[in-house]
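**Student:** Sharing a structure here in structure tokens format.
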Amino acid sequence: MKVGGVVLCGGRSSRMGRPKAWLPFGAEVMLPRVVRLLGEAVDPVAVVAALGQDVPPLPENIAIVRDEKEGRGPLQGLAAGLNALRGQVDAIYLSSCDAPFLRPAFVRRLIDLLGDAMICVPCVGGYHHPLAAVYRLEVADAVARLLAEHRLRPFFLFSAVPTRVVEAAELADVDPMFESLRNLNTPEEYEAALRDAANSGR
């Protein structure tokens, strides 16, 4: 099974106050960092951005897809990413652009656990994490149907197709602190992540 990656970066970043994709992170910028980390586990990788959105420079092999429909959340971004990689892969790992501690081993573990399911999604701390999950391309029809019905929550998709829910115990050995699930939504979370990265040398 060939698996690619899709990174969503078209969100408004309203709580952060500035575009997350452009946040400096050590010697890197946030979006290129996440693309690099994801690219260590899967290939090809595509980025889904909003129409007119300014995107940081990325390697030439990274496709940038423009999501023409704004305000419809990650399900719309997933639809754009699935369409972009159609014919190239069997499944994709979906990530947000603000996951600077993403571990390639975490991505590979979810791929290994997909089995015969259509989706493999982690459930850690009582929450499902749809922006750190594996989706077969066959879910595209179900996604389109939910979008047409304006049912935009990823939970509806998990109920619509066979979904493998992965518990924390199945991931702890590859990511003990579940840092791959750490997203940065506020300036305070960003500053804390910078400190943690500096202290750990990452």
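The letter at position 145 of the sequence shown is residue 131 when you use my numbering, and the numbering goes up by one with no holes. From the three backbone atoms N, C-alpha and C, an ideal C-beta is built for every residue, glycine too.
#1: In or out: residue 141 buried (at least 16 other Cβ within 10 Å) or exposed?
#2: Does the region 93 to 111 touch the region 48 to 55, meaning 3 or more C-beta pairs lie closer than 8 Å?
#3: Check each candidate in 42, 122, 148 and 73 and name the one with the smallest Cα separation from residue 83.
#4: Just verifying my parser: in three-state terms, what is the DSSP assignment at residue -1?
#5: Hey, how far is the Cα of residue -1 from the Cα of residue 6?
#6: Output the distance between the C-alpha atoms of residue 138 and residue 64, rounded to the nearest integer angstrom.
#7: Exposed or buried, which one is residue 172 when buried takes at least 16 other CB atoms within 10 Å?
#8: Measure how close the beta-carbons of residue 99 and residue 152 come, nearest whole angstrom, since I'm counting them as under 8 Å.
#9: For the beta strand (DSSP E) holding residue 33, just list the boundary residues, first then last.
#10: Identify, in the order they occur along the chain, each residue of the same chain with its Cβ nearer than 7 Å to the Cβ of residue -4, setting aside the five sequence neighbours on each side.
#11: I need the DSSP call for residue 67, collapsed to helix, strand or coil.
#12: Return the CA-CA distance between residue 12 and residue 180, expressed in angstroms with no decimal places.
#13: Could you check the C-alpha separation between residue 75 and residue 125 for me, to the nearest Å?
#14: Using the beta-carbon count (16 or more within 10 Å), is residue 111 buried or exposed?
#15: Taking the continuous beta strand (DSSP E) assigned at residue 130, which residues delimit it?
#16: Answer with buried or exposed for residue 190, where buried requires no fewer than 16 other C-beta atoms within 10 angstroms of its C-beta.
#17: Is it buried or exposed for residue -10, if we count other Cβ within 10 angstroms and need 16 for buried?
#18: By Cβ distance below 7 Å, which residues in the same chain neighbour residue 166 in space, the five residues on each side in sequence not counted?
**Tutor:** Reading off the structure:
#1: The residue given as residue 141 occupies position 155 in the sequence shown. It counts as exposed.
#2: Touching, no.
#3: Within the sequence shown, numbered from 1, the residue matching residue 83 stands at position 97. Comparing Cα-Cα distances from residue 83 to each of 42, 122, 148 and 73, the minimum goes to 42.
#4: Here residue -1 corresponds to residue number 13 of the sequence shown, with the count starting at 1. In the structure shown, residue -1 sits in coil (DSSP, three-state: anything other than H, G, I, E or B).
#5: In the sequence shown, counting from the first residue as 1, residue -1 sits at position 13. In the sequence shown, counting from the first residue as 1, residue 6 sits at position 20. Taking the straight line from one Cα to the other gives about 6 Å.
#6: The residue you call residue 138 lines up with position 152 of the sequence shown. The residue you call residue 64 lines up with position 78 of the sequence shown. Computed Cα separation, rounded: 11 Å.
#7: In the sequence shown, the residue the question calls residue 172 occupies position 186. So residue 172 ends up on the exposed side.
#8: The residue labelled residue 99 in the question sits at position 113 within the sequence shown. The residue labelled residue 152 in the question sits at position 166 within the sequence shown. Sure, about 5 Å apart at Cβ, within 8 Å.
#9: Residue numbering aside, residue 33 sits at position 47 when the sequence shown is read from its first letter. Start and end: 31 to 36.
#10: Residue mapping note: residue -4 aligns to position 10 of the sequence shown, counting from 1. The residues are 34, 35, 36, 39, 53 and 63.
#11: Locating residue 67 in the sequence shown gives position 81, where the first residue counts as 1. Looking at residue 67 - three-state DSSP - the assignment turns out to be helix.
#12: Mapped onto the sequence shown, residue 12 falls at position 26. Mapped onto the sequence shown, residue 180 falls at position 194. So the alpha carbons of these two residues sit roughly 7 Å apart.
#13: What you label residue 75 is simply residue 89 of the sequence shown in a count that begins at 1. What you label residue 125 is simply residue 139 of the sequence shown in a count that begins at 1. The alpha-carbon atoms of residue 75 and residue 125 are separated by roughly 13 Å.
#14: Position 125 of the sequence shown, counted from the first residue, corresponds to residue 111. Exposed is the call here.
#15: As a position in the sequence shown, residue 130 is number 144, starting the count at 1. Premise fails: residue 130 lies in the alpha helix (DSSP H), 126 to 134, not in any beta strand (DSSP E).
#16: Residue numbering for the chain in the displayed model covers -13 to 188; residue 190 lies beyond these limits and cannot be assessed.
#17: Sequence index remark: in the sequence shown, residue -10 carries index 4 (1-based). Around the beta carbon of residue -10, a 10 Å sphere encloses 16 or more other beta carbons of the protein chains shown; the residue is thus reported as buried.
#18: Within the sequence shown, residue 166 is the residue found at index 180, counting from 1. Only 85, 87, 88, 89, 92 and 118 meet the Cβ criterion.
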